[in-house]
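Okay, structure first, notes after.
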Amino acid sequence: MTNKVEVSWKGQMLFESVAPEGSVMIDAAEEVGGQGKGLRPKAMMLSSLAGCSAMDVASLLKKMRAEVDDFKIEVEANLTEEHPKVYDKVHVTYKFFGSDFKKDKIEKSVKLSVERYCGVFEMFRKFSDISHEIVYIEQ
């Protein structure tokens, strides 16, 4: 299976990335000519990581009947100082909101995503030290 995107220049540092499923705008920082009209490429990588795992977790929670009121994923990454600047350390925080959590099922869903299903997580392992944690927020 292959994936394909097409990135088109929209002027200055603004680009549109189009895939069969949709599109997203990419822009640079204002100090290098960006206009703040899109995500920066490295932020898109972190969004891809969070999005991939979020889809796994949402699907698994439904299958396991471990409903939560809401959940969010925060990704924090350390960017190296030298060019090419890469993420060498990445930390993923899974935040679950609700009450009467089925913690065993929630933890299993996260573990399955992190260790088995999320291909983006696996890609990040190739170039960074990646860790994760789960936080429960009672409502």
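According to my numbering, the sequence shown holds residues 15 to 153 in order. Cβ coordinates follow ideal geometry from the N, Cα and C atoms, glycine included.
Residue i burial status per 10 Å Cβ neighbour count (16 or more: buried)
i    : result
F141 : exposed
L63  : buried
G164 : What is shown of the chain runs 15 to 153, which leaves residue 164 out entirely.
G52  : buried
Pick from the options that is closest to residue i, judged by C-alpha positions
i    : options                : result
P34  : V21, I40 and E44       : V21
D114 : E81, V124 and E121     : E81
I87  : K99, N17 and Y150      : Y150
T107 : Y101, F85 and N17      : F85
M27  : K76, G50, V19 and G112 : G50
K24  : V38, T16 and E147      : V38
I148 : F110, F135 and R130    : F110
C66  : T94, V89 and E152      : V89
A72  : L93, G47 and E121      : E121
Where the beta strand (DSSP E) through residue i begins and ends
i   : result
A33 : F29 to A33
Identity of the residues DSSP links to residue i by a beta bridge
i    : result
H105 : E90 and S145
D84  : F111
M39  : E30
V128 : Note: V128 sits in no beta bridge, so no partner.
For residue i, the first and last residue of its enclosing alpha helix (DSSP H)
i    : result
M15  : No alpha helix (DSSP H) holds M15; DSSP gives it neither H nor E.
E136 : G133 to R139
Straight-line Cα distance separating residue j from residue i
i    : j    : result
S126 : V104 : One detail in the question is off: residue 126 reads as Leu in this sequence, not Ser. Distance between the alpha carbons of L126 and V104 is about 18 Å.
L74  : S61  : 20 Å
K96  : K56  : Inspection of the sequence shows that residue 96 is occupied by Glu rather than by Lys. Taking the straight line from one Cα to the other gives about 15 Å.
S30  : K117 : Note that residue 30 is Glu in the sequence shown here, rather than Ser. C-alpha separation (whole angstroms): 40 Å.
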